[in-house]
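Take 0 as the starting number for the sequence shown in numbering that gives the first Met the number 0 and just add one per residue. Cβ atoms here follow ideal geometry from the backbone N, Cα and C, with glycine treated the same way.
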Amino acid sequence: MKKNDFINKLLNFFFNKNYGKWILVLFIIAMVLRIIAANNMTTNADEMLHATHAIDISNAGVLQIMDEDPVWFYLTDLGYKVFGVSMFSGRFLSILFGALSVLIIYLLGKEMFNKKVGYISAFILAFSPYYLINTLAEMDIAMTFFILLTAYLMFKGLKDNNNKLLILSYISFGIAILMKTIAAVVLPAFIIFFIYYRNKKEIKIFHKSNIKQILIFAIILILLLSPIFTFNYLLYKDKGIVDVQFSRFTGIGKEVYASIEGTMKPFRIQDLFFNYPPGHQPGIYEGLRFYWMYGIVTFLLGIVGIIPSFKRNFKSSLFLSLIFIFPFIFLAGTSILPYHFCFGVPIFALFGANALSGIQNKIIKLTKINKRIILYILLGLIIISSLFIANDNSSIFKGKSEVAKMMDYTKNIEDNALVVVDTRIYRGRIAWIFNDKHYIEAVHLENLFLDMDKLPGEIVQLPVYFIECVTDDCGWGSIAGQPELNQSMESAVKLFNNITTPIKDIKEPYGEVYFRVYKVDLPLKLSALDIADITHTWFYYPVRYKAEDWFDKYKTHNAFDSLLNMAAHLILYLAILLAIVSIFYSFYLLIKEDGKT
0 MKKNDFINKL
10 LNFFFNKNYG
20 KWILVLFIIA
30 MVLRIIAANN
40 MTTNADEMLH
50 ATHAIDISNA
60 GVLQIMDEDP
70 VWFYLTDLGY
80 KVFGVSMFSG
90 RFLSILFGAL
100 SVLIIYLLGK
110 EMFNKKVGYI
120 SAFILAFSPY
130 YLINTLAEMD
140 IAMTFFILLT
150 AYLMFKGLKD
160 NNNKLLILSY
170 ISFGIAILMK
180 TIAAVVLPAF
190 IIFFIYYRNK
200 KEIKIFHKSN
210 IKQILIFAII
220 LILLLSPIFT
230 FNYLLYKDKG
240 IVDVQFSRFT
250 GIGKEVYASI
260 EGTMKPFRIQ
270 DLFFNYPPGH
280 QPGIYEGLRF
290 YWMYGIVTFL
300 LGIVGIIPSF
310 KRNFKSSLFL
320 SLIFIFPFIF
330 LAGTSILPYH
340 FCFGVPIFAL
350 FGANALSGIQ
360 NKIIKLTKIN
370 KRIILYILLG
380 LIIISSLFIA
390 NDNSSIFKGK
400 SEVAKMMDYT
410 KNIEDNALVV
420 VDTRIYRGRI
430 AWIFNDKHYI
440 EAVHLENLFL
450 DMDKLPGEIV
460 QLPVYFIECV
470 TDDCGWGSIA
480 GQPELNQSME
490 SAVKLFNNIT
500 TPIKDIKEPY
510 GEVYFRVYKV
520 DLPLKLSALD
530 IADITHTWFY
540 YPVRYKAEDW
550 FDKYKTHNAF
560 DSLLNMAAHL
570 ILYLAILLAI
580 VSIFYSFYLL
590 IKEDGKT
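Here it is as C-alpha cells:
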C-alpha cells in the first residue's frame, strides 16, 4: 500500500461515518478492565510457575522451558524489564492480547458475516467475564489472539484469493504454537477448511496451487518451530533427556519428570463421556460447565446463535465450529482447567452476536422501538451481567490482592536485607514475590543460625525481615494436614514477636490480615545472604536463572551443533519480533479495513 493511500484511509477512519473508531474505544475499555482484573485478582498455582520462570529468561538465553514453548516467556520478561516484576507485568500479555482480540474479532465478524456482527462480538468479548477472570500469567489468552489472527488472515486470504494473507496466516499460526503448544491442536481445523473452501471454488485437492500453499505452510511452520526441535535434539545429545512434551510421547527421560507425572494426564476418549478419577465428571460436561459458570450470557447467546449463524453464512460458521471442536475435544479429554478453555469464548461471542442481532430484529418488529435504542439496551444488559459475573467469581473490583500488595511492599526492603519467609506461604509465591531479595524459607532458618560461625566474613548488623502467613495457609491448601510444619512456623512467629514488633499488616481484598511483616537488625555475616541465595530454586529451575547449571541446560560439543544452536536462537528472536509487530499490525488492519469509504 502506498503511503498516501494509507494516510487517506487513516483520515477516513477517523472522520467518515463508519464507526470502526469506536472499536478503539472498546479496546481502551477492554485494556482498563483487564488492568483492574490483573492487579486485583489473587494468583493460582500454575501462574507461579510461568511468571517466575519468565524472570530474566532473556538473560539466560534458553530456547525453551521444560513444559512450555518460549515466546510467551520472553515477551513476559520484556514486560518485567519495562515495568518491573509485578502482578501487572506478569499478566501484561493477557491484558494486551486480550484487548487486542477485541480488534481482531471485530474484523473477523465483519469479514465472515457483516459489520454489525463484528461490532456486537467485539462488545461481548471486551466485557467477557470469562476473559476478565483469566487475565492471568498464563499463555492461553495470547495464544487465542494468534489463533484468531490466523483465522482472520486465512479466511480473508481464501476469500480474496490473496496469497500474501495466507502466508501471514501461516506465520501467525506458528507464533500461536510458540506461545503455547496446545495451539497445534487447531491445525486440522485450518487444513480441513482450507481444502473445503478451495474445493468449493472447484480447485481440486491436489491442484498445484494447493500443493504450493501446503509446502509453503510446512516450511514456515518447520522453521518457526525449529527452536523447539533444536532444544530437544541438543538436550538429548548432551544429557540424554528431552522436554516434558517429547518425554510424554517418546518415554525418554520419564524419570526426570516423575514428580509431576500426575499432572500429565493422557488423552482418553472415554473420559469425554464418563466419570473418571479423581472425582471428575465427563470431560465434555466439565468443559462446557466452565463457559456456563464464568460466562453464562455469552454461552447461551452462542448456543442460540449457532443455527442463525449457519443460515447467514455456512462457510464462516463451519470454520468457527472447526476451530472450536478440535481443541475442545482434546482438552476435555486431557486437561480440565478453566483458562485452557479461553479459546472458545470468541467463538461463542461471534455466534452470540448473530443471536443478539436476531433478537434485536424481532423486538423491532414487535415494538417498533428505534433499533439503536434496542441494541444499546441489549448491550447494556450484557455489560451489567458480565461485570457482575466477573466480580462474583474473582472479586476483581474489591481492590488489590494480598500478593500484589506484598509485591508492592518488597520495594521498601533494603538490598542487603535477609528476608525470612514463613514456609506456609506457597513456594511459588515466595519465589515470585521475593525473586530479587535475599530470601530464605523459615524452615531453614535454624540451620543458618547454627552454621553462622562456620561462614566466612565478619559479623555486622543486617536488617532482617520476617514475613508471616497469618492465615496459616497462604496458597498451599494442604498445611492443615501438616501439623508439625504449622507448629514450627508458629515457633518462628513467636521468636520474632519476642525480639521485635510487626511493622506492616497486609490485608486481602475483604479486609482480613493475610501477611504480617516484622523487621529487626541482627548480628549476621554478609555471607549468610549468599547461603540464602543458594536456596533459590523453584520447580526445576534456579530463580532468575542465577546458577552455573540446571537440569536442562545443555552444552554443544561440535561446530555443527553450535551453528544449529545459533540459528535456532535467531529464529526464536525473529518469532518474538514478529509477535511484537503483530500488535501494531492489528491496528493497521483495523485502520485499513475500516478506513475504506
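So, are the CB atoms of residue i and residue j less than 8 Å apart?
i: Met451; j: Ile432; result: no
i: Tyr169; j: Leu220; result: yes
i: Gly343; j: Leu271; result: no
i: Pro508; j: Ser394; result: yes
i: Trp71; j: Met138; result: yes
i: Gly304; j: Asn353; result: yes
i: Tyr464; j: Lys506; result: no
i: Tyr129; j: Gly294; result: yes
i: Ala430; j: Trp537; result: yes
i: Leu447; j: Ile439; result: yes
i: Met111; j: Phe154; result: yes
i: Leu577; j: Ile174; result: yes
i: Phe340; j: Ser308; result: no
Look up residue i in the DSSP assignment and say whether it is helix, strand or coil.
i: Ser581; result: helix
i: Phe514; result: strand
i: Thr596; result: With a pLDDT of 41 at Thr596, under the threshold of 50, the modelled position of that residue is not reliable, and the figure given next carries that caveat. Looking at Thr596 - three-state DSSP - the assignment turns out to be coil, as it is neither helix nor strand.
i: Ile466; result: strand
i: Asp66; result: coil
i: Ile439; result: strand
i: Val243; result: helix
i: Asp55; result: coil
i: Phe586; result: helix
i: Tyr275; result: strand
i: Thr536; result: strand
i: Asp159; result: helix
i: Val61; result: coil
i: Gln460; result: strand
i: Gly250; result: coil
i: Leu576; result: helix
i: Asp520; result: strand
i: Gly19; result: coil
i: Ile204; result: coil
i: Gly474; result: strand
i: Thr424; result: The sequence shown places Ile at residue 424, not Thr. Ile424 falls in the strand class under three-state DSSP.
i: Lys591; result: helix
i: Gly261; result: helix
Could you pull out every residue in the same chain whose Cβ sits closer than 6 Å to the Cβ of residue i, ignoring the five residues on either side in sequence?
i: Tyr544; result: Asp55 and Ala59
i: Cys468; result: Asp421, Arg423 and Ile424
i: Thr42; result: Val402
i: Leu167; result: Leu152
i: Ile346; result: Leu319 and Phe323
i: Ile582; result: none
Got a sec? Which residues, its chain only, sit under 7 Å from residue i by beta carbon, not counting five neighbours each side?
i: Asp76; result: Ala53, Ile54, Asp55, Ile56 and Ser57
i: Phe273; result: Pro281
i: Tyr73; result: Ile56, Ser57 and Ile575
i: Glu384; result: The amino acid occupying residue 384 in the given sequence is Ser; Glu does not appear at that position. Taken in chain order, the residues that qualify are Val296.
i: Glu413; result: Pro462
Starting from residue i, trace the alpha helix (DSSP H) both ways and give me its first and last residue.
i: Pro226; result: Lys207 to Lys238
i: Tyr293; result: Gly282 to Arg311
i: Asp270; result: Gln269 to Phe272
i: Lys114; result: Lys114 to Ala125
i: Pro501; result: Per DSSP, Pro501 belongs to no alpha helix (DSSP H); it is in the beta strand (DSSP E), Pro501 to Lys506.
i: Leu336; result: That residue, Leu336, is in no alpha helix (DSSP H); it is neither H nor E in DSSP.
i: Leu620; result: As shown, the chain starts at 0 and ends at 596. That puts residue 620 outside it, with no answer to give.
i: Phe342; result: Where Phe342 is concerned, there is no enclosing alpha helix (DSSP H), given that its DSSP letter is neither H nor E.
i: Met40; result: No alpha helix (DSSP H) contains Met40, which DSSP labels as neither H nor E.
Ends of the beta strand (DSSP E) at residue i?
i: Lys545; result: Neither: Lys545 is in no beta strand (DSSP E) and is coded neither H nor E.
Which residues in the same chain have their Cβ closer than 8 Å to the Cβ of residue i, if we skip the five residues on either side of it in sequence?
i: Phe484; result: The identity of residue 484 in the sequence shown is Leu, whereas the question assumes Phe. These residues qualify, in order along the chain: Thr422, Arg423, Val442 and Ile478.
i: Ile368; result: Ile362
i: Arg247; result: Met263 and Pro265
i: Tyr284; result: none
Check whether chain C comes within 8 Å of residue i, counting only Cβ atoms and requiring the distance to be less than that.
i: Phe298; result: Looking for chain C here will not work: only one protein chain is present.
- Query: Can you find at least 3 beta carbon pairs, one from the region 456–473 and one from the region 511–525, that sit closer than 8 Å?
  - Reply: yes
- Message: Taking 8 Å as the cut-off, does the region 311–325 touch the region 117–124 (at least 3 CB pairs, one atom from each stretch)?
- Response: no
- Query: For the region 34–48 against the region 395–414, are there 3 or more C-beta pairs whose distance is under 8 Å?
  - Reply: yes
- Query: Looking at C-beta atoms only, is the number of pairs between the region 156–169 and the region 207–223 that lie closer than 8 Å three or more?
  - Reply: yes
- Between the region 533–553 and the region 236–248, do at least 3 Cβ pairs fall closer than 8 Å? yes
- So, do the region 90–107 and the region 139–146 have three or more beta carbon pairs nearer to each other than 8 Å? yes
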